[in-house]
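Below is one structure, written out as structure tokens, with a few remarks after it.
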Amino acid sequence: QIIAFDCEMATPGGYGMPSPKKDPIIIIVVAYHEENEVKTKLFVVDEEEYEGGNDEKVLRAFLKFVAQFQPDIIVGYNSDGFDWQYIRERARLQGIRLRVGADGSTVQYEKGGALPAVNIAGRLNVDLFKLAKRDLDSVKVKKLENVAEYLGVLKKSERVNLSPREITDYWIDSSSSARQQLYEYAKADAVSTLGIAEKMLPLQIELSRMVGYPLDELTKMGRGRQVESFLTAEAFKKGELVPPKKGAEKTFEGGFVLPPEKGVHEDVIALDFSSMYPTIMISFNVSPDTFVEPNEAEEESDLYVAPEVGHAFKKAPDGFFKSIMSDLITRRKAIKAEMKKYDKTSDEYRLLDIQQQSVKILTNSFYGYTGWSAAKFYKRECAEATTAWGRHFIKRAVTVAEEHGFKVIYGDSVMKDTPVLIRRQGGVEIIPVEDLDIAPRTMSGGRREVKGVEVLTENGWSRAEYVHKRKTRKKTYRILTRVGFVEATEDHSFVVNGKEITPKDFKLGDRIDLVHYTLETKYEVDDDLAWLIGFYIAEGGCGRYETKSGLKYQWKIDNSDIDLLEKCRFILKKYGLNTSILDVRESSATYRLVPSGNIKLFYELFKEWCHTKRGDKKIPGFILEAKRAPKESFLRGLWAGDGGKDKRTKILKISLTDKSVVAGLCAMLNSLGFEYSLGVRRDKENVIRVRIVRNKADKRLASGDIIKRMDVKEANDHVYDVETENHHFCAGVGNMLLHNTDSIFAKLPLAVEGEGDRKTAILKKAREVSERISEELPLELEIQDFFKSIFFTGKKKRYAALTDKGEIVVRGLEVRRGDWCELAKEVQTKVIDLILREKDPAAAVKYTRSVIQGLKEGKIPLDKLIIYKTLTRKISGYETKQAHVIAAERALASRIVYEVGSKIPYVILKGVGKTSDRAFPVDLIERSEGNEMTAEGRRYQIDTAYYVQHQVIPVAHRVLQLFGYDISSFEDVRQKTLGHWF
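Residue numbers (my numbering): 33 to 1014.
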């Protein structure tokens, strides 16, 4: 038997979050089944008790119900993190012992991960919110009503929905109609929770049976722990020893990277390897107990040897992994065969379907588990060999497809000091890629988890998930354009001349994809401080050394011009930092500025601001996003230290060795509207020269994306790859686009001979490819989709396609994401429609212009301008106040409270200051007309310029840039000039 419960509280005036120390529980509601009907029961505090802060009767009534009903399972939604914690404190204040256990024992509370855990003896306590967070990726905002609607339990339009403020208002208003609304709201919450349990728990119960863990424990486990528990149980059955846990020795290379070719393609076939990694592991007997160490003597004919990496596995007997996965696959096939005997609406069919889903989950989670370095059955060579075979088969499939006339349009590391543009806690930084490698332990596949960091891609910011570090002995290529510079291994893919190729196929004059990003100008920084930081980056240094007497610190700035050091001394004095100048010309031909006391403070300050993890220089984020004046002051300081001017051409130039500084400098020059040119010295390969070009009309000024120089060398060092939410990232100076896959998109560019229409002929050809691959390799290559037309934005998971049934399918573009306003989604949807159906990009541009004009004229309804962003923590927990947080703060001041996990609806108002400071909560708006609105008795205006520049144009340009349209196609954008800053 299952019961679902939920608690409701009111706060004085509806202001703020309820406090268990002072706000009593007004309602506890339970939902349960009785005679095949859903029943609810309300336990409500009476008026006098509420006024006295006494909810003892409510708590005792709830405990009595549980004792009488004797449920096997108690479910709630965020109950471990909120309801049970609230009940615990209220019971303590009322002197009540929470005897909820089947044996009369009390509830046990313990901390476990991100949410606390609650254990009840003899009963299974399940917090469905934890399940939703783990398993329901499709529901972006995991609110109870959203999950209930997604699972088909209860539509939001069919239930009472109340805000926290309304809960208080309806409680205070003791009229029967108000109270009835409140009671219906509480019942809807409990019924929704019970319905979610009925949808999600059967699968969890079956998994619990297979894995051998109680249901409440299983719901808290990740897939890796579930697989390990299953393997441990199977090992016991087979008499296998379970090895102790051990960490990974090193990382291994991931899958094959084959970026998509940009542009619109017609008659495209999508081919997919079915269950590639499990099939590889079974076919080649990949298992820790079949792995052959390099020094073991074995007949080559008795071994499977993985390509590239050379790891060998015995062909016989079957390994532990193979036997387990083969059993799982055989079991699932038998279950699916049994399912065919029953009607799809029958209970028998439903139960069998749950069983086969459980087997599928474990099977599909198996490969990921084998690459998890903390796993008991971890063997790096197993994961490494599996991915090596995977890369080999993908490449072979591409070759076979091309031999049959197809053109494959979709089908891997950079040096450790390669700069990457990241966004962290709302601020932009440019750091070496190795500085992302800071997680305390290795994750799956030799990866380290990256938290709270977004990386620039060709479609804006994408969440960084893992960083891969590995040793390489491959060739590395240094690629240089006028505005870009990167070093990558020979097998890393780039998009060049609109096609995906690796560096070894580059030619001088090829055009390589660059991603342009303009730094914001949001920080007020003292001009003198900005100059000092620029000068320090050019001429300064700091360090920390271990000596016999303990740690020693050093900080200094060296320069032959004593006046410049006096300027530094004056600036530091402004901030209460005393320094002195030493004459060290005998030893180094310079003067030296050093601290007068507290050297450690100088070291810690400048180490944090201006140095990478291993001590190289970088430009602080607050300088990168400073206002124009401090940016220019920083450049003056940098040039005063290391810069100069060509005597003949008068061109400003500077030579630098730290790539992150070069990348930051170029990003700043770009944001200030200056053109520049890069060069690398032949005699000193680590020195990069930057020249500022004054005359933008100079015919000698080459396009920034043309490859002008390539150098090849052998590498014997660590390299890095970043795994982002969308599998791509920009790196190097100028943000070159770097692009791993078990599916292929291909088209037949030439006429197809044979009878029937083109689609029939293409599918016939595709079947030939599939059959040949399936005969040649131990894998099935399946025909997944056929698209009449499709275009990629440069990555596999970001595309829009028109099916042969006339449906438009969109993957990974803004229209699929929740952080854009409805107008932006409408615009991109229409633009995609005009391109795929009408094949008319010009009409899409015209349409976008008309939307922009309508926006300026106030013809767009307010509800289409609302932006939604999730509140992931308490407002007080945000160090940097983003737009939705500021909107939530404004709402809170007016007694509207948003719980953690809520999506904050807001619009951007016209005004001065940062965009985030002008975010206004929609729930406070009383009336709107055109671009004006009224809230709390005041009139405000919508910032139409923000919506044009940051919502409409970006989503249209994301698609239309593929057809030669730039931002100026939508609105006039004036180019900034050099200015007089030297």
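We put the CB at the ideal spot given by N, CA and C, even for glycine. Please read all numbers here as calculations on a predicted model, not as lab measurements.
Would you tell me roughly how many angstroms separate the C-alpha atoms of residue i and residue j, rounded to the nearest one?
{"i": "Glu-785", "j": "His-436", "result": "Low local confidence applies: a pLDDT of 47 at Glu-785 is under 50, so the model's placement there is unreliable, and no value is given."}
{"i": "Glu-598", "j": "Glu-571", "result": "14 Å"}
{"i": "Lys-54", "j": "Phe-114", "result": "16 Å"}
{"i": "Leu-250", "j": "Leu-239", "result": "8 Å"}
{"i": "Ala-42", "j": "Ile-356", "result": "54 Å"}
{"i": "Gly-516", "j": "Glu-657", "result": "21 Å"}
{"i": "Thr-773", "j": "Lys-820", "result": "Because Thr-773 sits at a pLDDT of 43, beneath the cut-off of 50, its placement in the model cannot be relied upon, and the following sentence gives the value as read from the coordinates. For Thr-773 and Lys-820, the distance between alpha carbons rounds to 23 Å."}
{"i": "Leu-596", "j": "Ile-589", "result": "10 Å"}
{"i": "Asp-385", "j": "Gly-154", "result": "29 Å"}
{"i": "Trp-671", "j": "Leu-688", "result": "11 Å"}
{"i": "Gln-1007", "j": "Thr-553", "result": "At Gln-1007 the pLDDT is 30, less than 50, meaning the model places this residue with poor confidence and gives no usable figure here."}
{"i": "Lys-649", "j": "Arg-510", "result": "21 Å"}
{"i": "Ser-208", "j": "Asp-955", "result": "26 Å"}
{"i": "Pro-50", "j": "Arg-120", "result": "14 Å"}
{"i": "Asn-151", "j": "Lys-392", "result": "29 Å"}
{"i": "Ile-35", "j": "Pro-56", "result": "23 Å"}
{"i": "Arg-732", "j": "Ala-699", "result": "Residue confidence for Arg-732 is low, a pLDDT of 49 falling below 50, so the modelled location carries little weight and cannot support an answer."}
{"i": "Glu-466", "j": "Val-547", "result": "21 Å"}
{"i": "Tyr-979", "j": "Ser-315", "result": "54 Å"}
{"i": "Lys-791", "j": "His-297", "result": "14 Å"}
{"i": "Ile-426", "j": "Ser-358", "result": "23 Å"}
{"i": "Ala-695", "j": "Ile-565", "result": "16 Å"}
{"i": "Gly-144", "j": "Gly-969", "result": "Unreliable placement is indicated for Gly-144, whose pLDDT of 48 sits below 50; the coordinate value is still reported in the next sentence. Near 47 Å, if we compare the C-alpha coordinates of Gly-969 and Gly-144."}
{"i": "Arg-660", "j": "Tyr-555", "result": "9 Å"}
Determine the contact status of residue i and residue j, defining contact as a CB-CB distance below 7 Å.
{"i": "Asn-317", "j": "Gly-271", "result": "no"}
{"i": "Ala-338", "j": "Ala-417", "result": "yes"}
{"i": "Lys-448", "j": "Tyr-752", "result": "yes"}
{"i": "Gly-886", "j": "Gly-962", "result": "no"}
{"i": "Ile-892", "j": "Leu-855", "result": "yes"}
{"i": "Asp-559", "j": "Ser-665", "result": "yes"}
{"i": "Leu-163", "j": "Met-232", "result": "yes"}
{"i": "Asp-112", "j": "Asp-38", "result": "no"}
{"i": "Glu-707", "j": "Val-725", "result": "yes"}
{"i": "Pro-196", "j": "Arg-122", "result": "no"}
{"i": "Leu-186", "j": "Tyr-217", "result": "no"}
{"i": "Tyr-336", "j": "Phe-345", "result": "yes"}
{"i": "Ile-864", "j": "Ala-832", "result": "yes"}
Taking residue i as the reference, which of the options has the closest Cα?
{"i": "Ala-496", "options": "Ser-1000, Arg-480, Lys-507", "result": "Arg-480"}
{"i": "Asp-593", "options": "Lys-580, Leu-956, Arg-624", "result": "Arg-624"}
{"i": "Thr-33", "options": "Ile-462, Ala-63, Asn-718", "result": "Note that residue 33 corresponds to Gln in the displayed sequence, not to Thr. Gln-33 has its Cα closest to that of Ala-63, out of Ile-462, Ala-63, Asn-718."}
{"i": "His-916", "options": "Asp-949, Ile-884, Lys-888, Asp-895", "result": "Asp-949"}
{"i": "Lys-878", "options": "Leu-360, Pro-52, Tyr-997, Lys-554", "result": "Tyr-997"}
{"i": "Lys-740", "options": "Ser-333, Lys-539, Leu-488, Ile-106", "result": "Lys-539"}
{"i": "Ile-265", "options": "Lys-408, Ile-985, Tyr-978", "result": "It is worth fixing the name first, because residue 265 is Ala in this sequence and not Ile. Checked all of Lys-408, Ile-985, Tyr-978; the closest Cα to Ala-265 is Lys-408."}
{"i": "Arg-905", "options": "Ala-695, Ile-884, Thr-508, Val-932", "result": "Val-932"}
{"i": "Leu-1035", "options": "Val-324, Glu-66, Gly-945, Arg-241", "result": "Only positions 33 to 1014 of the chain appear in the structure, and residue 1035 is not among them; the question remains open."}
{"i": "Lys-716", "options": "Val-693, Leu-697, Asp-743", "result": "Asp-743"}
{"i": "Trp-587", "options": "Tyr-549, Glu-69, His-643", "result": "His-643"}
{"i": "Leu-868", "options": "Met-965, Lys-632, Gly-838, Leu-710", "result": "Gly-838"}
{"i": "Val-243", "options": "Pro-234, Leu-235, Gln-258, Leu-468", "result": "Gln-258"}
{"i": "Ala-93", "options": "Ile-58, Tyr-635, Val-192", "result": "Ile-58"}
{"i": "Ala-977", "options": "Thr-966, Glu-958, Val-939, Ile-907", "result": "Val-939"}
{"i": "Val-859", "options": "Met-965, Thr-912, Val-987", "result": "Val-987"}
{"i": "Leu-633", "options": "Gln-981, Thr-611, Gly-673, Phe-654", "result": "Thr-611"}
{"i": "Gln-1084", "options": "Ile-199, Ala-222, Val-223", "result": "Missing from the structure shown is residue 1084; the chain here goes from 33 to 1014 and no further."}
My understanding is that residue i touches residue j, with C-beta atoms under 8 Å, so please give their C-beta distance in whole angstroms.
{"i": "Thr-861", "j": "Phe-1002", "result": "Between Phe-1002 and Thr-861 the Cβ distance is about 17 Å, and since that is not below 8 Å, they are no contact."}
{"i": "Ala-302", "j": "Asp-817", "result": "4 Å"}
{"i": "Val-499", "j": "Asp-469", "result": "5 Å"}
{"i": "Asn-157", "j": "Ile-106", "result": "5 Å"}
Counting only C-beta atoms, is residue i closer than 7 Å to chain C at any point?
{"i": "Glu-870", "result": "Among the chains in the structure shown there is no chain C, since it carries only a single protein chain."}
Runs of beta strand (DSSP E) lying entirely within the stretch 86–159, each at least 3 residues, in chain order = 105–108, 140–142, 149–151, 156–159
query = If you scan the stretch 293–342 from start to end, which runs of the beta strand (DSSP E) of 3 or more residues do you find wholly inside it?
reply = 295–305, 335–337
key: Those runs of the alpha helix (DSSP H) which lie wholly inside the stretch 171–201 and span at least 4 residues   = 176–182
Beta strand (DSSP E) runs wholly inside the stretch 911–971, at least 3 long, in chain order = 935–940, 951–953, 957–961, 964–967
request  = Run through the stretch 209–269 for me and flag every whole beta strand (DSSP E) of 3 or more residues, listed as ranges in chain order.
outcome  = none
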